[in-house]
Structures are given as structure tokens and as C-alpha cells.
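In my numbering, the protein residues as written are 27 to 456. Each remark here refers to the structure printed beneath this line.
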Ligand SMILES: [Zn+2]
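Below you can see the structure in the form of C-alpha cells.
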């Protein structure tokens with residue numbers, strides 16, 4: 027981002043012309059600024075589940091900070107401390123489908139076990155095969171029959187659609203599974219396999235005449251496709267992330283002692299827009315269908331990045347003011363700082379700064395997570411001081427009155443009642 031320094035405002039920075047063409051996008055970007063990290067994660071998961079061109083890159087969340095890491099350990103926190111299972115053991119499995127390996131191995135003909143391993147290695151994070159079976163056989167010097175046997179075994183044990191070679195095939199396989207279970211009409215798989223492109227282009231006539239259906243039936247089928255089918259293979263991958271102390275803003279100390287601010291942007295989440303057009307016939311409306319999804323996906327990434335960029339500017343500005351406070355960790359070094367002052371320095375609107383700071387969490391270099399608002403105001407300084415003091419042996423056991431005394435010695439004249447209020451809110455956060 028080369029747009030730092032005071033500017034005429036968030037919406038008029040250079041290089042952001044696409045936004046002028048997409049006002050709804052701008053409004054959404056501002057809405058996203060108010061979102062917490064958890065809310066951004068939820069929005070992201072929802073988009074990943076519904077948009078076929080939005081994808082999370084291969085990899086896994088860093089057990090220390092949650093960053094999406096392609097391979098190896100996180101360059102920033104090296105996996106964090108206190109998460110011993112990742113420190114000495116091997117890397118966590120990056121392939122969510124690795125668990126299918128054992129089941130499929132039992133199922134597969136012995137002469138095709140090696141082919142099975144290779145098929146698993148060629149699965150994308152969506153569960154699609156990244157090349158055709160024949161190509162895969164050619165690539166690894168296998169007999170095509172072995173690859174097909176491996177695919178048969180994998181599909182027998184895996185979720186519907188696993189190892190499909192295109193999104194259309196993936197959807198068709200899911201439709202077949204639902205039809206076999208009697209949950210959807212028998213003709214739905216044919217509709218998906220042969221006519222999805224026409225339907226995406228808004229034409230129901232061809233599908234209706236070929237399949238002998240009414241226009242209403244075709245539309246009902248399309249509704250089922252939207253509701254029940256997913257452009258990825260669903261696997262339960264709920265493990266990993268629970269121990270992570272997530273935050274909206276991360277503060278790191280560089281080797282030279284200076285502070286660096288990082289805000290999770292789209293790359294942090296491992297999000298990317300992929301080209302899925304290979305599996306679709308050219309002369310159809312399917313390309314347009316994909317283009318719309320692609321625009322939507324890019325808009326989401328843009329919004330996440332805009333949120334990150336605004337939060338970054340605001341926090342960097344506040345951190346500059348609170349350098350002493352952050353270096354020494356004691357409230358005596360906290361400087362009163364208003365949101366208005368930061369708005370003036372960053373060129374953002376004061377309400378933008380307020381919305382950005384509100385409800386956000388800051389992870390300090392020590393790993394402690396606190397309110398981003400602790401960099402602002404005056405009362406927050408006392409609260410931060412109290413938090414620091416309470417982590418010491420003396421502070422942990424101190425009464426409200428003793429805490430009040432300790433704060434007073436740090437220069438904070440605060441009523442015991444207020445101390446009690448701070449203490450209770452800090453204990454709730456812990
Ligand atoms: Zn990390």
C-alpha cells in the first residue's frame with residue numbers, strides 16, 4: 027500500500043477507482059470495518075461454502091496465531107509457544123482428505139494401492155482432482171485401469187463428489203447420491219450433468235424438452251441445486267484452531283526492538299480466487315455464471331483488505347503515540363490519546379476510527395490479548411495497568427483497596443468502586 031500519510035479520506039485514496047464503480051462494495055467495506063475478527067471469519071466461511079471460485083489455498087492454520095500457512099511453520103510466531111504437539115512432532119496433516127487413505131486402502135485392489143496414494147496427492151482442498159485420470163496415469167507411469175480402480179475405492183469410502191474432475195461433475199455426483207437416497211428427483215443428476223450451463227444462462231427450454239419436464243420442474247430442480255449441492259467436498263476438519271488466541275490486530279516486536287503492526291488481510295486467511303472455467307463448456311452461459319462469482323469473490327477479498335488497511339493505519343498511528351507505554355508495559359507511560367487525534371493524523375473520518383477501534387482485540391508481543399481501545403483514552407490506561415499488575419504474584423492476590431493503592435502509586439487516582447469494576451471486566455475477559 028503506497029497510500030500512507032494524511033489523505034483526503036478513506037474513500038478518495040489513489041488506486042481505488044474500482045470502488046467508485048461499485049458503491050455497494052464501498053458500503054460493505056465500511057460495514058466490514060465494524061466487524062470483529064470472528065465475524066470476518068464467519069463471513070469468509072460462508073463465502074467459501076457458497077462461492078465456487080473462492081478458495082482457501084493449500085495449507086493449515088498456524089497453531090500460534092491462526093494465520094494460514096502454506097507449509098512449514100509460521101514465519102511470524104513459529105507456531106507459537108505452549109502448543110507442544112506441533113513443536114517436536116511432525117507437521118499436522120495439511121490434506122483434509124488424508125483420513126480417507128486408510129479406509130480406501132482396505133477397499134482398493136492391491137495392485138492399485140500406489141495409484142491411490144497418488145490420487146490422494148492430486149486432490150485440491152476442495153476435493154477435486156487437479157487433473158484428469160488419464161493424465162494422472164500418464165504423469166506417474168501408471169495403467170489407467172489402476173487410477174480408475176483407485177478412484178472407485180476412494181469414491182466408495184469418501185463423501186459424494188470426491189475426486190471429481192470438474193465442478194459440474196462434483197455437483198452431478200452429489201445429485202446422484204441424493205437421488206439414490208430418494209431425497210431428490212431421479213432426473214436431477216441429468217439436469218446437473220447436462221444442462222447446468224443452460225440454466226445458468228437463464229434458459230430452461232432445452233433441459234425441459236430433453237428431460238421431458240415442465241418449466242416449473244426445471245426451476246424447482248435449479249432451486250435444489252442451489253440449496254442442497256455444494257461446489258466442494260465437505261469434510262469435517264473442525265480440529266486445530268481452538269487453542270488459538272485470535273485478535274483483530276497483532277503487535278510484534280522486531281529483533282531491533284521496534285514494534286510492527288499486522289492486521290489479518292485476505293492473504294492471512296489464505297483466501298484466493300481460482301479459475302474453474304476449465305471444467306465448463308465454452309459456448310455456454312456457464313462462463314458468465316463463473317464471472318459473477320468471481321466478481322463477488324474479489325469484492326469480498328477487497329473488503330477484507332480495506333478493513334485491514336484502515337485498522338493498520340489507525341493502529342500504527344496509535345502505537346507511535348504509545349511507544350513508551352508498549353515498551354515499558356506500565357501505565358505511567360500511557361499517553362492520553364483521542365480517536366479524533368488519530369483521525370486527524372491518518373486522514374480518516376473520526377467515525378471511521380471509532381468504528382474501527384470498537385470491539386477490536388489487540389494481541390501484544392507477549393501474546394496477551396487485550397482491547398485495542400487500551401491504546402486510547404485515559405481510563406483504558408489505568409485498566410491496562412491494572413491488568414499488568416494483576417498478573418504479578420502480589421497483584422493476583424490483592425484486594426480492591428490494595429489494587430487502588432498500587433494504581434495510585436502509578437499515577438492513577440481511581441475510586442475503589444472503579445477498580446472493582448475494571449477487575450471484574452478483566453476477569454470476564456480472562
Ligand atoms: Zn503464527
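Glycine included, C-beta positions come from ideal geometry on N, C-alpha and C. Bear in mind that the values here come from a model prediction, so they are computed numbers and not experimental data.
Tell me whether residue i, by its Cβ, gets closer than 6 Å to a heavy atom of ligand 1.
{"i": "residue 102", "result": "yes"}
{"i": "residue 93", "result": "yes"}
{"i": "residue 85", "result": "no"}
{"i": "residue 296", "result": "no"}
{"i": "residue 88", "result": "yes"}
Name the DSSP beta bridge partners of residue i, please?
{"i": "residue 403", "result": "363"}
{"i": "residue 397", "result": "387"}
{"i": "residue 94", "result": "87"}
{"i": "residue 279", "result": "285"}
{"i": "residue 299", "result": "80"}
{"i": "residue 155", "result": "149"}
Helix, strand or coil: how does DSSP classify residue i here?
{"i": "residue 87", "result": "strand"}
{"i": "residue 209", "result": "coil"}
{"i": "residue 348", "result": "coil"}
{"i": "residue 149", "result": "strand"}
{"i": "residue 225", "result": "helix"}
{"i": "residue 292", "result": "coil"}
{"i": "residue 444", "result": "helix"}
{"i": "residue 379", "result": "helix"}
{"i": "residue 171", "result": "helix"}
{"i": "residue 373", "result": "coil"}
{"i": "residue 235", "result": "helix"}
{"i": "residue 214", "result": "helix"}
{"i": "residue 58", "result": "helix"}
{"i": "residue 255", "result": "coil"}
{"i": "residue 240", "result": "coil"}
{"i": "residue 134", "result": "coil"}
{"i": "residue 324", "result": "helix"}
{"i": "residue 422", "result": "helix"}
{"i": "residue 431", "result": "helix"}
{"i": "residue 220", "result": "helix"}
{"i": "residue 274", "result": "coil"}
{"i": "residue 196", "result": "helix"}
{"i": "residue 102", "result": "coil"}
{"i": "residue 340", "result": "helix"}
{"i": "residue 70", "result": "helix"}
{"i": "residue 439", "result": "coil"}
Buried or exposed: where does residue i fall if 16 or more other Cβ atoms within 10 Å of its Cβ makes it buried?
{"i": "residue 50", "result": "Because the pLDDT at residue 50 is just 49, under 50, the model does not fix this residue reliably, and the value given afterwards should be weighed accordingly. Under this definition residue 50 is an exposed residue."}
{"i": "residue 251", "result": "buried"}
{"i": "residue 164", "result": "exposed"}
{"i": "residue 136", "result": "exposed"}
{"i": "residue 408", "result": "buried"}
{"i": "residue 247", "result": "buried"}
{"i": "residue 344", "result": "buried"}
{"i": "residue 281", "result": "exposed"}
{"i": "residue 202", "result": "buried"}
{"i": "residue 320", "result": "buried"}
{"i": "residue 314", "result": "exposed"}
{"i": "residue 372", "result": "buried"}
{"i": "residue 1", "result": "The shown model of the chain, from 27 to 456, leaves out residue 1, and the question about it has no answer."}
{"i": "residue 87", "result": "buried"}
{"i": "residue 453", "result": "exposed"}
{"i": "residue 212", "result": "exposed"}
{"i": "residue 187", "result": "buried"}
{"i": "residue 397", "result": "buried"}
{"i": "residue 377", "result": "exposed"}
{"i": "residue 189", "result": "buried"}
{"i": "residue 258", "result": "buried"}
{"i": "residue 368", "result": "buried"}
{"i": "residue 360", "result": "buried"}
{"i": "residue 81", "result": "buried"}
Can you check whether the C-beta of residue i is within less than 7 Å of a C-beta belonging to chain C?
{"i": "residue 225", "result": "As a matter of chain content, chain C is missing from the structure shown, which is built from one protein chain."}
inquiry  = For the structure I just gave you, are there three or more beta carbon pairs, one from the stretch 322 to 335 and one from the stretch 73 to 86, closer than 8 Å?
reply    = yes
inquiry  = Would the stretch 165 to 177 count as touching the stretch 135 to 149 if we require 3 or more Cβ pairs under 8 Å?
reply    = yes
ask   = Are at least three pairs of beta-carbons, each pair with one atom in the stretch 331 to 345 and one in the stretch 281 to 289, less than 8 Å apart?
value = yes
message = Across the stretch 271 to 282 and the stretch 386 to 393, are there enough close Cβ pairs to call them in contact, namely three or more that are closer than 8 Å?
response = yes
message = Assess contact between the stretch 183 to 202 and the stretch 144 to 159, defined as three or more Cβ pairs (one per stretch) separated by less than 8 Å. Is contact present?
response = yes
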